[in-house]
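Step one of this worksheet: look at the structure below.
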Amino acid sequence: MEKLTKLGIGIGFRQHFKSDLFLHQTEVDFLEITSDHYLDARPQKIEELKLLKEHFPLIPHSLELSLGSAEGIDEDYLEKVAELVEFVEPEWFSDHICFTKSGGVKIGHLAPVPYTNESLKVLVKNISKVKGRIKTPFILENISYTMRFPSSEMSESEFITRLLQETDCGLLLDVTNLYINSKNFGYHWRGFLDKIPLEKVVQLHFVGSHKHNDYLIDAHAHKTQDDIWEVFREVCTRCDVKGAILERDENFPPFEEILEEIKTARNLVKN
Amino acid sequence: MDILLDNPLATMYGPYFLILYGFLIFFTLIVLAIYKSQVDKTNNLSLPPIPAQVDQYEIAYLRGGINEVARSVIFALMQKGFIEILKDGTKTVINKTSPPTRRNLIQIEQLALDWHGNSREPKEVFESNGLVAQLEGYRQMYQARLEQGQMLTGDDMRSSLALSRWAAYLVIFGFGAYKLLASIAHGYYNVILLVIFSITGLVIAASIARLPRVTKLGKAYLERLQLAFDNLKYQAQAPYIASTVPRVIPQQATFAGVDPLLLSVGVFGSAILAGTVFDSYNQTFQRAQQQSTASSCSSGCGSSCSSESSCSSGDSGGSSCGGGCGGGGD
Numbered sequence: 100m101e102k103l104t105k106l107g108i109g110i111g112f113r114q115h116f117k118s119d120l121f122l123h124q125t126e127v128d129f130l131e132i133t134s135d136h137y138l139d140a141r142p143q144k145i146e147e148l149k150l151l152k153e154h155f156p157l158i159p160h161s162l163e164l165s166l167g168s169a170e171g172i173d174e175d176y177l178e179k180v181a182e183l184v185e186f187v188e189p190e191w192f193s194d195h196i197c198f199t200k201s202g203g204v205k206i207g208h209l210a211p212v213p214y215t216n217e218s219l220k221v222l223v224k225n226i227s228k229v230k231g232r233i234k235t236p237f238i239l240e241n242i243s244y245t246m247r248f249p250s251s252e253m254s255e256s257e258f259i260t261r262l263l264q265e266t267d268c269g270l271l272l273d274v275t276n277l278y279i280n281s282k283n284f285g286y287h288w289r290g291f292l293d294k295i296p297l298e299k300v301v302q303l304h305f306v307g308s309h310k311h312n313d314y315l316i317d318a319h320a321h322k323t324q325d326d327i328w329e330v331f332r333e334v335c336t337r338c339d340v341k342g343a344i345l346e347r348d349e350n351f352p353p354f355e356e357i358l359e360e361i362k363t364a365r366n367l368v369k370n
Numbered sequence: 148m149d150i151l152l153d154n155p156l157a158t159m160y161g162p163y164f165l166i167l168y169g170f171l172i173f174f175t176l177i178v179l180a181i182y183k184s185q186v187d188k189t190n191n192l193s194l195p196p197i198p199a200q201v202d203q204y205e206i207a208y209l210r211g212g213i214n215e216v217a218r219s220v221i222f223a224l225m226q227k228g229f230i231e232i233l234k235d236g237t238k239t240v241i242n243k244t245s246p247p248t249r250r251n252l253i254q255i256e257q258l259a260l261d262w263h264g265n266s267r268e269p270k271e272v273f274e275s276n277g278l279v280a281q282l283e284g285y286r287q288m289y290q291a292r293l294e295q296g297q298m299l300t301g302d303d304m305r306s307s308l309a310l311s312r313w314a315a316y317l318v319i320f321g322f323g324a325y326k327l328l329a330s331i332a333h334g335y336y337n338v339i340l341l342v343i344f345s346i347t348g349l350v351i352a353a354s355i356a357r358l359p360r361v362t363k364l365g366k367a368y369l370e371r372l373q374l375a376f377d378n379l380k381y382q383a384q385a386p387y388i389a390s391t392v393p394r395v396i397p398q399q400a401t402f403a404g405v406d407p408l409l410l411s412v413g414v415f416g417s418a419i420l421a422g423t424v425f426d427s428y429n430q431t432f433q434r435a436q437q438q439s440t441a442s443s444c445s446s447g448c449g450s451s452c453s454s455e456s457s458c459s460s461g462d463s464g465g466s467s468c469g470g471g472c473g474g475g476g477d
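So the protein sequences, as listed, match chains H and E.
In our numbering, each residue carries its 1-based index in the first sequence increased by 99.
In our numbering, each residue carries its 1-based index in the second sequence increased by 147.
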């Protein structure tokens with residue numbers, strides 16, 4: 100993973116920002132595209148993808164590989180992701196440590212897996228299939244969750260550590276998810292960082308969290324708060340981050356605000 | 148001389164000759180069309196990237212020539228509050244307002260403002276001594292730059308088609324004229340169909356031999372710009388959508404140093420102003436363009452996008468290449 104090119108700081112591509120991106124090309128280092136938006140795409144979306152590819156380094160980020168599904172990987176979906184990755188020629192591509200399908204039915208949500216040896220085996224098997232088909236480095240993202248399985252046999256950090264060791268994948272560390280989980284489940288994010296193999300961290304995700312009742316939610320709709328910048332800063336001082344993506348999906352601010360956040364992140368990565 | 152008037156072609160029965168001539172014209176036109184399609188090889192070139200610093204006037208020039216630039220500049224002055232369009236009875240005039248400052252005008256806009264003075268009629272913008280004449284320096288600069296980038300059809304492309312064009316004319320006219328003379332020499336004067344065939348063939352050949360003003364590369368580049376900025380169009384329009392409820396129109400907002408509505412007009416044409424508070428501008432300039440074109444140039448909207456229009460403005464293509472002919476094909 101250390102051989103991967105440093106991409107810098109970018110944003111998750113959203114239609115809302117398209118024009119702004121072209122007018123601020125020099126201030127955004129790379130884009131993360133949601134793979135699912137370009138699978139079975141209309142010709143106009145393919146043109147858009149070509150346009151983006153010619154102006155920015157792209158990283159495909161998929162949602163539906165459902166690596167934690169015991170039924171295995173949907174081969175049609177994998178084939179489409181493979182074709183997309185071949186077209187985009189990215190430095191790496193990513194998906195989540197979760198399941199999004201059960202019994203062939205999409206559940207429309209990134210659901211956490213129980214941290215058991217059995218789920219670890221399922222993930223390793225599925226990831227091995229993905230890596231067998233797509234040779235581009237594959238990185239895995241930690242998700243935020245609202246429940247933990249009582250049947251879990253290990254902690255999340257131990258589960259992720261073993262998963263990364265057994266699959267030789269990189270980690271897409273979502274610092275917002277880490278912060279949210281640590282607050283919602285009463286542990287310290289620093290302790291989590293102490294336990295995972297930080298040399299495996301390739302990319303970061305960051306965005307502000309949202310408080311709903313007593314819970315924090317990863318709504319992708321708010322400016323990154325100081326507490327989350329603190330996690331970001333700590334990660335940057337402890338590992339060689341190749342790229343960081345601001346994930347903003349709703350409640351879009353003026354693009355200047357996005358650029359400010361990118362600038363802040365860039366300074367933290369440099370320092 | 149006998150062989151000239153006494154050979155199978157000269158003595159061929161008229162209707163048979165017309166069938167043969169029809170096929171010959173058709174074949175000539177097909178060859179000409181195939182040759183023309185080979186002249187513009189710019190589709191093999193890679194598209195240039197979208198620059199971070201976009202010049203909306205250069206895009207407007209690519210899309211529709213100097214008339215489109217003039218329209219965009221006038222709109223910029225209007226949107227920035229330097230001029231306004233007023234109805235004086237049946238007459239529409241563009242009057243100067245009293246703006247607080249000239250600081251946010253760029254050079255081309257200042258030039259247009261200086262030309263404008265206190266009052267002008269919209270059609271004056273397009274007249275031979277109007278704003279388009281004042282913008283001649285910009286026309287030359289944009290033309291040279293875009294020709295160099297192979298986005299506009301240059302003299303090299305035109306000259307490479309010239310030989311085939313004249314060859315086609317010669318074949319169509321030559322056969323027709325020869326048969327006409329031979330028929331008259333043999334005392335046949337019912338040659339009206341032959342004349343109609345010749346003229347029709349020549350007109351179609353002239354139409355086919357007309358190269359588009361914008362090359363395939365230029366067209367693809369425009370489409371790429373329109374794809375890149377398509378959401379800007381809606382974002383820029385939104386604050387200006389006409390409403391019966393009184394509201395404050397926002398002050399000019401910048402967008403990476405570019406006003407989004409001005410950039411949208413440059414990229415998509417003034418047709419995007421339909422339904423906004425600037426609709427009067429849109430309508431006024433459609434009329435002005437038509438009046439000016441009618442008085443100085445016989446070519447209509449249908450002949451836009453051609454580099455060989457007889458229009459004295461020397462700039463054709465109009466916004467039929469991008470934003471709809473209503474915007475005024477030059």
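We treat Cβ as the ideally placed atom computed from N, Cα and C, and that holds for glycine.
Query	Result
Cα-Cα separation between His263/E and Val240/E, rounded to whole angstroms	11 Å
Gln399/E, DSSP secondary structure in three states	Confidence in Gln399/E is poor, its pLDDT being 47 and thus under 50, which makes the residue's placement unreliable; the coordinate value appears in the next sentence. Note: Gln399/E maps to coil in three-state DSSP.
Length-filtered (4 minimum) alpha helix (DSSP H) runs lying within the segment 125-178 of chain H	142-154
Val204/H - containing beta strand (DSSP E), residue span	Val204 to Ala210
Gly211/E, enclosing alpha helix (DSSP H) - first and last residue	Gln203 to Gln226
Cβ distance (whole Å) where Glu333/H is taken to contact Leu292/H below 8 Å	7 Å
Ile150/E (DSSP reduced to helix, strand or coil)	helix
Under 8 Å (Cβ pairs) to chain H, residues found in the segment 199-232 of chain E	Ala199 and Val201
Cβ contact check for the segment 148-160 of chain E and the segment 307-321 of chain E: 3 or more pairs under 8 Å	no
Ile166/E to Leu349/E span [Cα, whole Å]	17 Å
Tyr289/E classed as buried or exposed, judged by whether at least 16 other C-beta atoms fall within 10 angstroms	buried
Where Gln297/E falls: helix, strand or coil (DSSP)	coil
CB contact below 9 Å: Gln382/E versus chain H	yes
Under the three-state DSSP convention, the category Gly161/E falls into	helix
Nearest-angstrom Cα separation, counted from His319/H out to Gly236/E	56 Å
For Phe237/H, the first and last residue of its enclosing beta strand (DSSP E)	Phe237 to Glu240
Cross-chain neighbours of Glu153/H in chain E, by beta carbon under 8 Å	Leu194 and Pro196
Cβ-based neighbour list, Leu106/H, same chain, cut-off 7 Å, excluding 5 preceding and 5 following	Asp128, Phe129, Pro156, Glu190, Lys341 and Gly342
Within 9 Å, strictly: CB atoms of Pro196/E and His195/H	no
Residue-chain proximity (Leu293/E, chain H), Cβ-Cβ < 9 Å	no
Complete runs of the beta strand (DSSP E) confined to the segment 255-325 of chain H [at least 3 residues]	269-273, 300-305, 309-311 and 314-316
Glu146/H and Lys117/H closer than 9 Å at C-beta	no
Cβ pair Lys366/E, Phe415/E closer than 9 Å	no
Contacting residues, own chain, Cβ-Cβ under 6 Å from Gly290/H (five flanking each side not counted)	none
Rounded C-alpha distance that separates Glu170/H from Lys179/H	19 Å
Chain-ordered chain E contacts of Thr125/H [CB-CB under 7 Å]	Ala199
Boundaries (first-last residue) of the alpha helix (DSSP H) holding Asn242/E	Where Asn242/E is concerned, there is no enclosing alpha helix (DSSP H), although the beta strand (DSSP E) it sits in stretches over Lys238 to Lys243.
Backbone secondary structure at Lys117/H - three-state DSSP	helix
Short Cβ contact (9 Å threshold) for Leu435/H with Asn225/H	As shown, chain H starts at 100 and ends at 370. That puts residue 435/H outside it, with no answer to give.
Cβ of Phe112/H within 9 Å of any chain E Cβ	no
Sub-9 Å separation of Arg286/E and Gly212/E beta-carbons	yes
Span of the alpha helix (DSSP H), counted from its first residue to its last, around Ser307/E	Asp302 to Ala332
Partner residues on chain E for Lys117/H, Cβ-Cβ distance less than 7 Å	Ala375 and Asn378
CB contact flag (Thr275/H, Val300/H, <9 Å)	no
Proximity of Val352/H and Lys322/H at Cβ, strictly below 9 Å	Correcting the residue type first, residue 352/H is Pro in the shown sequence and not Val. Yes; because the gap between Cβ atoms is below 9 Å, this pair is in contact.
At least 3 beta-carbon pairs within less than 8 Å: the segment 334-344 of chain E vs the segment 304-316 of chain E	no
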